[in-house]
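Here is the structure we will look at.
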Amino acid sequence: MATPIGNLADFGLRAQATLRGVEAVAAEDTRVTRRLLAHYGIAKRLIPVHEHNERRAVDSILALLRDGRSVALTCDAGTPAISDPGALLVAAARAAGFQVTPVPGPNAAIAALSVSGFGAPHHLFYGFLPARAAARRRALAGLAHLPYILVFYEAPHRVEECVSDLREVLGEKRRIVIARELTKLFESVHACTLAEAADWLAADPLRRKGEFVLIVEGAAETTAAEDAGQRALEALLGELPLRRAVDLAARITGGKKNELYRLALELRKGMGNRE
Ligand code: SAM
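Under the working numbering, the sequence shown has 223 at position 191, and the numbering climbs by one with no breaks.
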C-alpha cells in the first residue's frame, strides 16, 4: 500500500482502514512506518522487509498468510516496489496463491509528472540512474533518442552531476522540470532548459537539498525517427548496396523511403570521403 511522500495528510481513508484491518505490516523501515501508524493512532505488529532481508522476510510473511493472517506492505514513502523493495514479496505471495491487492496513493514520479506541464502522451519512468558517471552517461545515451518524457529519481548529493550529464548527453535545448521536496514545507517545482539547470541549482544551496524528481522532455518525434533511420543506414550501408540498405532501413524504422534515400546518398558521400 502507498504511504505519503512527505505530507502525512496524503493518506487516504482506504489506506487507513487497511492498516487498521491487517494483522501485521511488512515495513521497509519499521521506525518510519511506526511514525505513520502513531499519527493515525494505530498499533500493529511491524515486520522489517528491506533490500537486505527481503528474501528471508518473505518466508516468515508467507507463514503468516498461510495461517490466515493478512499483511500490509509499506515502504518509507510512496508506493512499494517502485524504486523500493516489495516486488519479491508480491511475486512470492501471488505464486503461493494469495491475493495481492493494491492500495494506491502517493508516488513521487507521478506527482512530479502531474505538475511538469509536459503534455506529451508518453513517459518513461526510469527511476535512479547509475551512481557512477560513466555508467550514467551510457544509460543516458541509450535514452537520448526516445520520444518520451523521461522521469528520474535523484539523490541530493548527485543532482548537480546528474543535471550536467543530462545536458551533455541529451543536449542543452530540452526542457527539464526539477521537482523538489514534493508535498513538504520547502516544495519547489522549477522549469527551465538543460542549459540553465546547472546555474539554477548552483545559485542557492537550498535548491540542492531534499528529494528530487527530474523530468526531461523527450527527443522531438522527427529527430527520434530520423536518428533511427540514420543509425540503421549507417549499419546497413557498410554491408549492402544503397537501394537494398534503404529498403531494409525503411522496413526496420518505418521511415519514408525517399527521405532515407536522400540520407543514404549523403551518408555514402561521407563514407566515400573517409575512404
Ligand atoms: N517508492 C517511492 C515512490 O513511490 O515514489 C520512491 C522511493 S525512492 C527510494 C526515493 C526517491 O523518490 C527519492 O530519492 C526521490 O528521488 C523521490 N522522492 C521521494 N519523495 C519525494 C518527494 N517528496 N519529492 C521529490 N522526490 C521524492
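The beta carbon of each residue, even a glycine, is placed where N, CA and C say it ideally should be.
Do you know offhand how far residue i's Cα is from residue j's?
| i | j | result |
| --- | --- | --- |
| E204 | R168 | 17 Å |
| R164 | D116 | 20 Å |
| M303 | K241 | 49 Å |
| T35 | P237 | 29 Å |
| R207 | I37 | 25 Å |
| A166 | A173 | 11 Å |
| L295 | Q262 | 7 Å |
| A119 | L94 | 14 Å |
| D91 | T254 | 51 Å |
| A70 | H222 | 34 Å |
| L217 | T62 | 24 Å |
| S196 | A89 | 40 Å |
| L175 | Y158 | 10 Å |
| A264 | I74 | 59 Å |
| S148 | R52 | 35 Å |
| A202 | A113 | Correcting the residue identity first, residue 202 is Leu in this sequence and not Ala. So the two alpha carbons sit approximately 28 Å from each other. |
| D108 | Y72 | 16 Å |
| E86 | L68 | 21 Å |
| A124 | L45 | 28 Å |
Apart from the five residues on each side of it in sequence, which residues of its chain come closer than 7 Å, Cβ to Cβ, to residue i?
| i | result |
| --- | --- |
| R126 | V132 |
| A256 | H177, L178, P179 |
| R22 | Residue coverage of the chain in this structure runs from 33 to 307, which leaves residue 22 outside it and unanswerable. |
| N139 | A34, G110, T111, I114 |
If you compare alpha carbons, which of the options is closest to residue i?
| i | options | result |
| --- | --- | --- |
| M33 | A165, S146, A104 | A104 |
| L145 | Y185, A70, A296 | Y185 |
| A56 | R46, P80, G286, A119 | P80 |
| G110 | N39, E219, L97 | N39 |
| E243 | L51, T225, V191, P134 | V191 |
| R312 | E266, G287, I284, T285 | Residue numbering for the chain in the displayed model covers 33 to 307; residue 312 lies beyond these limits and cannot be assessed. |
| E200 | R212, T285, A171 | A171 |
| P273 | I284, L297, A252 | L297 |
| E228 | I74, V245, V209 | V209 |
| T285 | R212, G270, F43, E258 | E258 |
| A260 | G270, R98, L292 | L292 |
| I247 | C194, T215, H84 | C194 |
| A41 | G53, L198, G137, A264 | G137 |
| P188 | R239, A230, A128, G149 | R239 |
| L214 | P162, K76, A143 | A143 |
| G129 | R98, V183, S148, D108 | R98 |
| L96 | L226, G151, L121, A234 | L121 |
| F160 | G151, A152, F150, A141 | A141 |
| P162 | L226, L198, F43 | L198 |
Only counting the same chain, and skipping five residues up and downstream in sequence, which positions put a Cβ closer than 8 Å to that of residue i?
| i | result |
| --- | --- |
| R276 | L268 |
| K289 | V278, D279, A282 |
| T50 | M33, A104, V135 |
Can you give me the Cβ contacts of residue i inside the same chain, cut-off strictly under 6 Å, excluding the 5 residues immediately before and after it?
| i | result |
| --- | --- |
| Y7 | Examination of residue 7 is not possible in this model, given that the chain is present from 33 through 307 alone. |
| C224 | W232 |
| A59 | T65, L78, T106 |
| R212 | S220, G242, F244 |
| H82 | E60, P117 |
| A47 | M33, V135, G137 |
| F43 | P36 |
| field | 4 or more residues per run - each alpha helix (DSSP H) lying fully within the stretch 160 to 234 | value | For the stretch 160 to 234, whole alpha helix (DSSP H) runs of length 4 or above, ordered along the chain, are 165 to 175, 191 to 202, 226 to 234.
| task | Counting only runs of 4+ residues fully inside the stretch 45 to 93, write out the alpha helix (DSSP H) ranges in chain order. | result | Taking only runs of at least 4 residues, the alpha helix (DSSP H) segments lying wholly in the stretch 45 to 93 are 45 to 53, 62 to 71.
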